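Encoded as structure tokens, the structure appears first; notes follow it.
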Amino acid sequence: MELMQKALASLDEHDEPTRREILESDGWIEILQDPAPELQGRLRDYFEWYDGKREENPGELLEEVAYLLFKSLRGAENIRSYRSFAAQHDLVVDGSSVAWQILMTYLHLPKSGRSIIVECKNEKTTISDQQFSRLCGILQNKFETTAHLGVFISRKTAAGFPEGKRKKISLSEARATQVIFHAKTQKFVIVVAHKDLEKIFMGLPFPKILEAKISEVEAAYGTEISFDDDSWEQETKLPSHLEKYN
Numbered sequence: 027m028e029l030m031q032k033a034l035a036s037l038d039e040h041d042e043p044t045r046r047e048i049l050e051s052d053g054w055i056e057i058l059q060d061p062a063p064e065l066q067g068r069l070r071d072y073f074e075w076y077d078g079k080r081e082e083n084p085g086e087l088l089e090e091v092a093y094l095l096f097k098s099l100r101g102a103e104n105i106r107s108y109r110s111f112a113a114q115h116d117l118v119v120d121g122s123s124v125a126w127q128i129l130m131t132y133l134h135l136p137k138s139g140r141s142i143i144v145e146c147k148n149e150k151t152t153i154s155d156q157q158f159s160r161l162c163g164i165l166q167n168k169f170e171t172t173a174h175l176g177v178f179i180s181r182k183t184a185a186g187f188p189e190g191k192r193k194k195i196s197l198s199e200a201r202a203t204q205v206i207f208h209a210k211t212q213k214f215v216i217v218v219a220h221k222d223l224e225k226i227f228m229g230l231p232f233p234k235i236l237e238a239k240i241s242e243v244e245a246a247y248g249t250e251i252s253f254d255d256d257s258w259e260q261e262t263k264l265p266s267h268l269e270k271y272n
């Protein structure tokens, strides 16, 4: 514990770029995670299920993977279930220790944040804008002061999210909601999808995946952004039964 406190104090002495460089250096990742022993096995089960080689309840399987991923974060003291009015079960990951504060610093989040909100989606379709907005609403309205990060663990990514790297980002559907929500609240909602789970299975630390997703949202402000005209026209154009009165 004393070592952790000294580590956190040393981070506070530096500016943001220097802290980022320190946290990315060798050895620091061991402070951020301690993989649960069951994680690799359940990830393997998930990929076997995905390839049609295993029969299992798909929703419960991915929920177990999500639980073990967040259990692997150092400082995660409690993982509890949260049920909203929409009958959707989410996970609330709580922490308050020095290790948790260091993780918050690494993830560009306030050290005062005690919770991360997690939702699992093992569905054939992408996460819709409505589903994405729901998690944004929970993050802002139910956990306004205690949570600054919402995470989907999903087989598919979200609607409107770009494929590959683009210098110009077209904002539509859930992707637009993600960027606008961050601009208004300084909070993040990100998606850890199938390809990310493959990287974790191959050894990439889960905190690095989370940090990269958060950085991607922040980087949207440093790129040329355009709104998808077709998508937004559909949202703003009057329907025909009202248009006739114009």
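Numbering (our numbering), first residue to last: 27 to 272.
Each residue gets a CB set at the ideal place from its N, CA and C atoms; glycine is no exception.
Since the structure is predicted, the reported quantities are computational estimates derived from the model, not experimental observations.
(request) My understanding is that Val144 touches Asp116, with C-beta atoms under 8 angstroms, so please give their C-beta distance in whole angstroms. (result) Indeed they touch by this definition, with Cβ atoms about 6 angstroms apart.
(request) Indicate the three-state DSSP secondary structure (helix, strand or coil) for Gly85 in the structure shown. (result) helix
(request) Quick one: give me the first and last residue of the alpha helix (DSSP H) that Phe169 is part of. (result) It is not in any alpha helix (DSSP H) - Phe169 carries neither H nor E in the DSSP assignment.
(message) Pop quiz: Ile153 and Ala185 are said to be a contact at Cβ under 8 angstroms. What is the actual Cβ separation, rounded to whole angstroms?
(response) 7 angstroms
(request) Assign Thr171 to one of two classes, buried (16 or more other C-beta atoms within 10 Å of its C-beta) or exposed (fewer than that). (result) exposed
(request) Below 8 angstroms on the Cβ atoms is my guess for Gln127 versus Arg100; work out the distance and round it to an integer in Å. (result) Actually they are not in contact, since the Cβ atoms of Gln127 and Arg100 sit about 11 angstroms apart, beyond 8 angstroms.
(message) What residue range does the beta strand (DSSP E) around Phe214 cover?
(response) 214–218
(request) Could you tell me the boundaries of the beta strand (DSSP E) in which Glu145 lies? (result) 141–147
(request) Specify the secondary structure class of Ser159 as computed by DSSP and reduced to three states. (result) helix
(message) If distances are taken between C-alpha atoms only, which option among Thr183, Gln156, Phe232, Ile240 comes closest to His174?
(response) Ile240
(request) Throw me the rounded Cβ distance for the Phe243 and Val217 pair, which I believe falls under 8 angstroms. (result) Looking at the sequence provided, one finds Val at residue 243 rather than Phe. That pair is no contact at about 11 angstroms.
(request) Please name the residue, chosen from His220, Arg201, Val177, that lies closest to Phe187 on a Cα-to-Cα basis. (result) Arg201
(message) Considering Cα atoms alone, identify which of Arg70, Glu199, Glu56 is closest to Glu224.
(response) Arg70
(message) Using a Cβ-Cβ cutoff of less than 8 angstroms, which residues in the same chain neighbour Pro136 once the five nearest sequence positions on both sides are dropped?
(response) Met130, His174
(message) Check this for me: beta carbons of Val124 and Leu165, under 8 angstroms apart or not?
(response) no
(message) DSSP three-state label for Phe187, please.
(response) coil
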